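Protein chains in written order, with this note's numbering: chain A, 23 to 209; chain B, 23 to 209.
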DNA sequence: GTCTATAGAAGGATAGAC
DNA sequence: GTCTATCCTTCTATAGAC
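In structure tokens:
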């Protein structure tokens, strides 16, 4: 196996999805224009409507689903590599804090931003965000054996993202992680 | 004192501020157009730029400050009417859940939505949201006597708003409130 | 499937009469 | 301070050549 001199070309459709996800988490749904998307994805404008005939809404829905699955896998991997649940919860929060700091507080989960924007304005996208959160909740409930705690931990994580991005400081994420870990330890 | 037949006229400037706050929490910053603002405020378009020469950014900054002060007063009032801190924390979350349900999950705090949208795109507005969160944190730290807990409680509250609005269900808010109350009770 | 051009509406902002 | 008209840009979306 040699390093490929000309890397396998990423399909246009995927380039558009990744570029949109990237822009959504920095600018949100309304703040991201489709012309900006195709420029970032280095794709012609017509390709967007070829691959996503439903336009911005269909593209947004797929991005929400893709990002939701991606972050679930990320978190699940951490839960699986740690032995103890309290430790794994803490690790999720500290990793999030590290990522925020390393990326200039830009590389945050795109779901929350879009979820708040569309909750009262676009029923189809609202449902898509609801499904993602429900999947996260179910996965964590299984691991913690308690649905109420799972909901609280996810809420703390998402809320901490908001506070950290606004203040450009990881303190809220670490504080929320400490609380979440303690909560999980309790009987 | 008789009921006033012709109610005291609300100044144009304030009507614009209230209308903007209302639209921000439903549609966010990018999703709200200035033409829509003046239509909702029943004000002529020129008045907006007369009262807010800095345009959308200046208007947004004032709305963030106004909404921040309003919600701080709301929460502070609850903390003052209850005797015990754990009970007051729980009351804040249950009241939030009631309000969400009563308003069709629309009447949520506008700060988070705007905060996530502008965190990486508008430094002036980002700072405005950071100041609001810092004020909330300071006020709650004073009452709980612990900054780390205060941050975690606020994160849980904001994150629960996201989950509730997405799922159109108050369960996350009640679960987060339960956890926050327990956290406050701990030594 | 790729790409260009453009339609038609809405965006923020400004000028200037009143 | 109030209000109308308008400028220029950007938006989503479509048509149609290649």
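Heads up, the beta-carbon is just placed ideally off N, CA and C, and yes, glycines get one too. No experiment lies behind these values; they were computed from the predicted model shown.
Outcome for residue 114/B when other beta-carbon atoms lying within 10 angstroms are tallied against a minimum of 16: With 16 or more Cβ atoms within 10 Å of its Cβ, residue 114/B is classed as buried.
At least 3 beta-carbon pairs within less than 8 angstroms: the segment 149-164 of chain B vs the segment 46-65 of chain B: No, the segment 149-164 of chain B is not in contact with the segment 46-65 of chain B.
Beta carbon proximity, residue 38/A to chain B, threshold 9 angstroms: No, residue 38/A lies away from the interface with chain B (no Cβ there is under 9 angstroms from its Cβ).
Start-end ranges of the alpha helix (DSSP H) lying completely within the segment 164-198 of chain A, minimum 4 residues: Entirely contained in the segment 164-198 of chain A, the alpha helix (DSSP H) runs reaching 4 residues are, in chain order, 169-189.
Residue-chain proximity (residue 108/A, chain B), Cβ-Cβ < 9 angstroms: Contact of residue 108/A with chain B is not assigned, every C-beta pair being separated by 9 angstroms or more.
Sub-9 angstroms separation of residue 203/B and residue 119/B beta-carbons: Result no, Cβ atoms of residue 203/B and residue 119/B do not sit closer than 9 angstroms.
Helix, strand or coil at residue 31/B [DSSP, three-state]: If DSSP states are grouped into helix, strand and coil, residue 31/B belongs with coil.
Minimum Cβ-Cβ distance from residue 111/B to chain A less than 9 angstroms: False, the Cβ-Cβ gap to chain A never drops below 9 angstroms.
Counted within 10 angstroms of its Cβ, other Cβ atoms place residue 77/A as buried (16 or more) or exposed: When all chains shown are included, residue 77/A counts as exposed.
Short CB-CB distance (under 9 angstroms) between residue 183/A and chain B: Any Cβ of chain B closer than 9 angstroms to the Cβ of residue 183/A would place that residue at the interface, and such an atom is present.
Enclosing alpha helix (DSSP H) for residue 126/B [first to last residue]: Per DSSP, residue 126/B belongs to no alpha helix (DSSP H) and is neither H nor E.
Inter-residue Cα distance where the pair is residue 170/B and residue 66/A: Computed Cα separation, rounded: 49 angstroms.
Test: residue 96/A CB closer than 9 angstroms to a CB of chain B: False, the Cβ-Cβ gap to chain B never drops below 9 angstroms.
Chain-ordered neighbours of residue 49/A on chain B, where CB pairs are closer than 8 angstroms: Those within 8 angstroms of residue 49/A in chain B are 52, 139, 142, 143.
Pairwise C-alpha distance: residue 86/B and residue 36/B: Their backbone Cα atoms lie some 14 angstroms apart in a straight line.
Which of helix, strand or coil DSSP assigns to residue 83/B: Here residue 83/B sits in helix by DSSP.
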